[in-house]
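Chemist: My questions all concern the structure below.
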Amino acid sequence: MPRLKHFVEKSREGTYYTIPFTVPENVSRVTVSYSYWQGTKGLLREIHPQNIIDLGLMDEKRRFLGWSGSAHPSIFVGEDKSTNGYLVQRPESGEWSIIVGAYHVVPAGVEVTYDIGFEYHKPGDPESKNYKQDEPEDISSDSANAEPELLFGDLHIHTIASDGALDSEAVGKLARDSGLDFVGLANHNNYADNFCLPDIPGLTFVYAVEWTHYKGHMNFFGDKAPFENSFIANTPEEMEKIINDARSLGAVISVNHPKCPFCPYKWSSMNFDMIEVWNGPMRGTNIRGIKWWTQLLREGRRIPAVGGSDFHRPKDFAKLGNPITAVYSPSRRREDILKNIRAGHSFVSSGVDGARLTLTCGDAMMGDAVRYDKNKKLHLHAEQLRGETLVLVTGSGERVIKHFARGNLDIDIEPKNDNFAYVKAIRGCGKRGAVRALTNPIYFQKEEEEDN
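As numbered in this note's numbering, the sequence shown has no gaps in its residue numbers, which increase by one up to the final residue, 467.
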């Protein structure tokens, strides 16, 4: 069994790079195991980290095969089966690459040992064929001409393909039984689940992957394999290329938990399409994310807000379906769902049983732009309120429109000559209470915008 010893210097911390190794002919499975001195373990590892070295793999054509971060000390790729999170394919001979992620490194550096194993075809074995993962049947209904239906989904879920505890089928059934209509399985730097999604009646899977970088996380929605070679980016230019390449394949880019203290968005680039302003249970991290998004709106950016639970396992801090993204879509097809989320025809709420807010202005709905008219009022339709205070947020500030609202209600709101308006439902004292739901904005056009 070949063994590679590799020393990771402190100067490499926060970067990604590759180490080559040779795969001989006639191999049916490649296994890579690794070990190193970790230091602090368990939950304290993220708070007081010592060494955390992540692992991924590319084949002889530099095709990206998968990524497991630091979740598994050993992974394998084979023609009939692979470690969860890695593509199933026949190993071809040539120079393969270990992807090294130097997440945390002590000042003295750390030595990593990689043991590489091969299983070979036996004489008399049938001719090997590349395993092709089937495209699942699109179970969603095709009703493009129908009236928009309100659908509920969770756009940020992890499975055993990365660091979750359940497989895609178990997660899907749990989501459906929880009242969700769609989900996004956004595993860290791998999209293996997108090629073998289960068929679960009543549930639509939106293609997703969480591009997990030490300078911030982003969900890439809409394409099964939004990066073909590697997710590695050590410079702003490489980061921009990954995003632009993914977008050229049809991906929609969403910044995840931008103000998380452990993995905030550190890139200076504003090259994204949506912002996950609400990640998991409502807390200070999300309040800061909403504030950042609102500031971008005030600067003139038109960008939808979404929410996702970041669910990993049952009985965890992050609960499936808390929060949800609720979208008005003409069908349950994944393309229609994503198109309308991208358009901002949606709101975010604490759950399926949480407050439901729909903001319109004449025929325009959330995410749309209308010409400002002081005689045309905003209309808020709200359901399932439980004592929340409703607050109107605009480019010039905030104002309470209803205290301690309960049940269902409809309110007409006089707009101001601002560039946007959205509504949030909060629980607690004053305007700084815990957010329980928020709409996407309606944007107001100036006359010069219409002329263009």
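Just so it is clear, CB atoms sit at the ideal spot from N, CA and C, and this is done for glycine as well.
Look at the alpha carbon of proline 138 and the alpha carbon of glutamate 40, and state the distance between them as a whole number of angstroms.
Modeler: 14 Å
Chemist: Cutting at 8 Å between CB atoms, please list the residues of its own chain near glutamate 28, excluding the five before and the five after it.
Modeler: Correct list, in chain order: Ala117, Tyr118, His119, Val120.
Chemist: With a cut-off of 8 Å on the beta carbons, I'd call valine 342 and isoleucine 352 a contact; round off their distance for me.
Modeler: 6 Å
Chemist: Considering only the beta carbon of each residue, do asparagine 234 and alanine 190 sit closer than 8 Å?
Modeler: no
Chemist: Drop a sphere of 10 angstroms on the beta-carbon of tyrosine 135, count the other beta-carbons inside from all chains shown, and report buried for 16 or more, exposed for fewer.
Modeler: exposed
Chemist: Looking at the structure shown, is asparagine 337 part of a helix, part of a strand, or coil, going by DSSP?
Modeler: coil
Chemist: Across which residues does DSSP place proline 35 in a beta bridge pair?
Modeler: Answer is Ser112, bridged to proline 35.
Chemist: Taking DSSP's pairing of strands, which residues face asparagine 234 in a bridge?
Modeler: Glu225, Ser269
Chemist: Using beta-carbon positions only, say whether isoleucine 356 and valine 321 come within less than 8 Å of one another.
Modeler: By the CB criterion at 8 Å, isoleucine 356 and valine 321 fall inside the cutoff.
Chemist: Measure the alpha-carbon distance for glycine 448 versus arginine 442 and round it to whole angstroms.
Modeler: 5 Å
Chemist: Among the residues of its own chain, which have a CB less than 6 Å from the CB of aspartate 425, if the five just before and after it don't count?
Modeler: His396
Chemist: For alanine 436, count neighbouring Cβ atoms within 10 angstroms of its own Cβ and tell me buried if that reaches 16, exposed if not.
Modeler: buried
Chemist: Do you know offhand how far threonine 378's Cα is from proline 163's?
Modeler: Before going on, a small fix: residue 378 reads as aspartate here, not threonine. Straight-line Cα distance between these residues: approximately 13 Å.
Chemist: For isoleucine 258 and arginine 421, what's the separation of their Cα atoms in angstroms?
Modeler: Rounded to whole angstroms, isoleucine 258 to arginine 421 spans 43 Å at the Cα level.
Chemist: Grab me the residues of arginine 313's own chain with a C-beta within less than 7 Å of its C-beta, minus the 5 sequence neighbours each way, in chain order.
Modeler: Here the set comprises Gly410.
Chemist: So serine 50 packs on proline 88, CB below 8 Å; how close in whole Å?
Modeler: 7 Å
Chemist: Classify threonine 471 as buried or exposed, calling it buried when 16 or more other Cβ atoms lie within 10 Å of its own Cβ.
Modeler: Residue 471 is absent from the model: the chain starts at 16 and stops at 467.
Chemist: Could you give the DSSP three-state label for isoleucine 352: helix, strand or coil?
Modeler: helix
Chemist: Hey, quick one: how far does the alpha helix (DSSP H) through tryptophan 308 stretch, first residue to last?
Modeler: 299-313
Chemist: Hey, how far is the Cα of valine 292 from the Cα of serine 108?
Modeler: 45 Å
Chemist: Touching or not, the segment 74-91 and the segment 230-250, by the rule of three or more beta carbon pairs under 8 Å?
Modeler: yes
Chemist: Report the three-state DSSP secondary structure of methionine 73 (helix, strand or coil).
Modeler: Assignment of methionine 73 by DSSP, reduced to helix, strand and coil, places it in the strand class.
Chemist: In the DSSP assignment, find the unbroken alpha helix (DSSP H) run with alanine 180 in it and report its ends.
Modeler: Segment: none, alanine 180 is in no alpha helix (DSSP H) and carries neither H nor E.
Chemist: Can you tell me where the beta strand (DSSP E) holding methionine 16 begins and where it ends?
Modeler: It is not in any beta strand (DSSP E) - methionine 16 carries neither H nor E in the DSSP assignment.
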